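**Student:**
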Amino acid sequence: MAASSSTSRMAQQWPGGRPPVSDFSENVFIDLRVFGPKTEHTTAAEGSSQNKKGKEKEVVQEEGSENHKGKESEEVPIAMFKVEKASACHGSYVINRKLINQTWSGDGPLSFDLHDFKPEAIPLLIQFLYRFRLNDPEPTTNEQDILDAATNRVHLWCLGDYLGMPALQDQAIAHLDLFARGTKSVMVGLWRTQQKYIWENTQEGYKLREYMIQALLTTVNKSTASELRSGLDIGVLNEMIKQTTAHLGGKDWLPLKAYFLDNKSQRN
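Using UniProt numbering, the final residue of the sequence shown is 268, and nothing's skipped along the way.
Shown next as structure tokens:
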């Protein structure tokens with residue numbers, strides 16, 4: 001039974017059931033180096049932050065992952081985490097593409113750089129790389145702790161997008177749903193603090209963006225709307241109205257406009 005379960009998980013992560021790796025037996029670790037928000041010299045996370053599609057996205061990711069020379073090499077990571085090379089290459093085709101043919105030469109450790117992600121999300125990534133699943137969230141009634149945990153899942157979803165790990169993204173969404181159902185205010189807090197990050201790291205139709213819109217629509221009222229109005233991007237609002245209108249069979253959801261828009265000129 002264990003072998004069957006392992007094969008099933010592997011098949012979900014890698015078409016054909018096996019990742020194209022040369023050797024899982026080597027006991028080599030790599031450094032996941034986490035940097036702050038991207039600057040003009042940052043390339044490592046451009047595939048995520050610019051939301052390139054198809055081959056264009058893959059090229060940017062590959063170039064960003066393989067090229068850390070010049071001014072970028074002068075950046076100082078804000079955090080570093082170690083993970084076994086074999087597990088990292090097994091779990092992410094992006095990491096695999098960069099590192100699988102590299103061997104440790106004694107001249108510094110192998111590394112993979114991550115830009116514009118919260119360091120607190122990386123232990124969750126490593127947990128998934130080793131176990132192919134996330135542990136259930138720790139139970140708590142502290143709203144700030146729940147908001148922090150939900151924020152980490154937002155960054156985890158974007159990590160999954162950047163690293164080509166759809167199964168990780170699905171589990172990140174599942175955790176967000178647990179938080180939202182257990183504490184209604186968490187979605188308001190998440191929108192207030194993470195809306196810009198989410199919109200910069202997703203495109204129309206991305207599961208994270210769609211989930212966040214739907215979750216907010218189920219909790220919105222005059223009180224929460226007044227808290228969010230000043231920070232809600234007009235483009236986000238228009239998308240929310242468009243999505244809700246389609247959901248209601250073409251009928252405009254006027255309360256949403258009334259809650260968020262102060263003058264009629266903004267509605268178009």
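The C-beta atom is built at its ideal place from N, Cα and C for all residues, glycine as well. Quick caveat: nothing in here was measured; it's all calculated off a predicted structure.
Can you tell me the Cα-Cα spacing of residue 87 and residue 34, whole angstroms?
**Tutor:** For this step, residue 87 is matched to residue 87 along the sequence shown. For this step, residue 34 is matched to residue 34 along the sequence shown. Rounded to the nearest angstrom, the two C-alpha atoms are 18 Å apart.
**Student:** Give the DSSP-derived three-state secondary structure of residue 85 in the structure shown.
**Tutor:** What you label residue 85 is simply residue 85 of the sequence shown in a count that begins at 1. In this structure, residue 85 counts as helix in the three-state DSSP scheme.
**Student:** Going by DSSP, what residue range makes up the alpha helix (DSSP H) through residue 99?
**Tutor:** Counted from its first residue, the sequence shown places residue 99 at position 99. Segment 93 to 99, the alpha helix (DSSP H) holding residue 99.
**Student:** Quick check: the Cα distance between residue 84 and residue 149, rounded to an integer number of angstroms?
**Tutor:** Here residue 84 is taken as the residue at index 84 of the sequence shown, counted from 1. Here residue 149 is taken as the residue at index 149 of the sequence shown, counted from 1. So the alpha carbons of these two residues sit roughly 25 Å apart.
**Student:** Considering residue 122, what are the terminal residues of the beta strand (DSSP E) in which it resides?
**Tutor:** Indexing the sequence shown from 1 puts residue 122 at position 122. Counting along the chain, residue 122 falls outside any beta strand (DSSP E), though it belongs to the alpha helix (DSSP H) covering 122 to 131.
**Student:** Quick one: using the 10 Å Cβ neighbour count with 16 as the cut-off for buried, is residue 144 buried or exposed?
**Tutor:** As a position in the sequence shown, residue 144 is number 144, starting the count at 1. Per the 10 Å Cβ criterion, exposed.
**Student:** Which one or two residues does DSSP pair with residue 30 in a beta bridge?
**Tutor:** Here residue 30 refers to the residue found at position 30 of the sequence shown. Answer is 83, 110.
**Student:** On a Cα-Cα basis, can you pick out the residue from 191, 196, 114, 135 that is closest to residue 214?
**Tutor:** As a working mapping, residue 214 is identified with position 214 in the sequence shown. Looking at the Cα atoms, 191 is the closest of the given residues.
**Student:** Using DSSP bridges, identify the partner residues of residue 179.
**Tutor:** Reading the sequence shown from its first residue, position 179 is the one you call residue 179. DSSP output for residue 179 lists no bridge partner at all.
**Student:** Using 8 Å as the threshold, is the C-beta distance between residue 134 and residue 90 below it?
**Tutor:** On the sequence shown, position 134 is the one that residue 134 refers to. On the sequence shown, position 90 is the one that residue 90 refers to. No; because the gap between Cβ atoms is not below 8 Å, this pair is not in contact.
**Student:** So residue 143 is in the alpha helix (DSSP H); what residue range does that whole segment cover?
**Tutor:** Numbered from 1 along the sequence shown, position 143 holds the residue referred to as residue 143. Element bounds for residue 143: 143 to 163.
**Student:** Hey, out of 211, 129, 151, whose CA is closest to residue 81's CA?
**Tutor:** What you label residue 81 is simply residue 81 of the sequence shown in a count that begins at 1. Considering only alpha carbons, the answer is 129.
**Student:** Rounded C-beta distance between residue 125 and residue 147? I'm assuming under 8 Å.
**Tutor:** Taking the sequence shown and counting its residues from 1, one reaches residue 125 at position 125. Taking the sequence shown and counting its residues from 1, one reaches residue 147 at position 147. Actually they do not touch by this definition, with Cβ atoms about 20 Å apart.
**Student:** When you compare the CB positions of residue 109 and residue 30, do they come within less than 8 Å of one another, or not?
**Tutor:** Here residue 109 corresponds to residue number 109 of the sequence shown, with the count starting at 1. Here residue 30 corresponds to residue number 30 of the sequence shown, with the count starting at 1. Yes, the pair counts as a contact, with Cβ atoms nearer than the cut-off.
**Student:** What are the start and end residues of the alpha helix (DSSP H) that includes residue 198?
**Tutor:** Numbered from its first residue, the sequence shown carries residue 198 at position 198. Segment 185 to 200, the alpha helix (DSSP H) holding residue 198.
**Student:** Would you report the Cα separation of residue 127 and residue 163, rounded to the nearest angstrom?
**Tutor:** Walking along the sequence shown from the start, residue 127 turns up at place 127. Walking along the sequence shown from the start, residue 163 turns up at place 163. The alpha-carbon atoms of residue 127 and residue 163 are separated by roughly 15 Å.
**Student:** Residue 95 to residue 169, Cα distance in whole Å?
**Tutor:** Residue numbering aside, residue 95 sits at position 95 when the sequence shown is read from its first letter. Residue numbering aside, residue 169 sits at position 169 when the sequence shown is read from its first letter. Rounded to whole angstroms, residue 95 to residue 169 spans 16 Å at the Cα level.
**Student:** Please tell me whether residue 180 and residue 152 are closer than 8 Å, where the distance is taken between their beta carbons.
**Tutor:** Here residue 180 is taken as the residue at index 180 of the sequence shown, counted from 1. Here residue 152 is taken as the residue at index 152 of the sequence shown, counted from 1. No, the pair does not count as a contact, with Cβ atoms beyond the cut-off.
**Student:** Is it buried or exposed, residue 27, if we count other Cβ atoms within 10 angstroms and call 16 or more buried?
**Tutor:** The count along the sequence shown starts at 1 and reaches residue 27 at position 27. Burial call: exposed.
**Student:** From the DSSP output, read off the bridge partner residues of residue 115.
**Tutor:** One-based indexing of the sequence shown puts residue 115 at position 115. According to DSSP, which records beta bridges pairwise, residue 115 is partnered with 35.
**Student:** With a 10 Å radius around its C-beta and 16 neighbouring C-beta atoms as the bar for buried, classify residue 101 as buried or exposed.
**Tutor:** Within the sequence shown, residue 101 is the residue found at index 101, counting from 1. Per the 10 Å Cβ criterion, exposed.
**Student:** If you compare alpha carbons, which of 114, 199, 136, 79 is closest to residue 159?
**Tutor:** Locating residue 159 in the sequence shown gives position 159, where the first residue counts as 1. Per the Cα distances, 114.
**Student:** Going by beta carbon distance, what residues of the same chain come within less than 8 Å of residue 78, once the five residues before and after it are set aside?
**Tutor:** Mapped onto the sequence shown, residue 78 falls at position 78. Answer for residue 78: 34, 35, 36, 119, listed in chain order.
**Student:** Taking only the alpha-carbon atoms, compute the straight-line gap between residue 111 and residue 165 and give it to the nearest angstrom.
**Tutor:** One-based indexing of the sequence shown puts residue 111 at position 111. One-based indexing of the sequence shown puts residue 165 at position 165. Taking the straight line joining both Cα atoms gives about 19 Å.
**Student:** Report yes if the C-beta distance between residue 154 and residue 211 is below 8 Å; otherwise report no.
**Tutor:** One-based indexing of the sequence shown puts residue 154 at position 154. One-based indexing of the sequence shown puts residue 211 at position 211. Not closer than 8 Å, so no.
**Student:** Exposed or buried, residue 201, counting other C-beta atoms within 10 Å across all chains shown (16 or more means buried)?
**Tutor:** Residue numbering aside, residue 201 sits at position 201 when the sequence shown is read from its first letter. Buried, because 16 or more other Cβ atoms sit within 10 Å of the Cβ of residue 201.
**Student:** If you measure from the CB of residue 99, is any heavy atom of the ligand FAD nearer than 7 Å?
**Tutor:** With respect to the ligand FAD, the structure shown offers nothing to examine, as it has no ligands at all.
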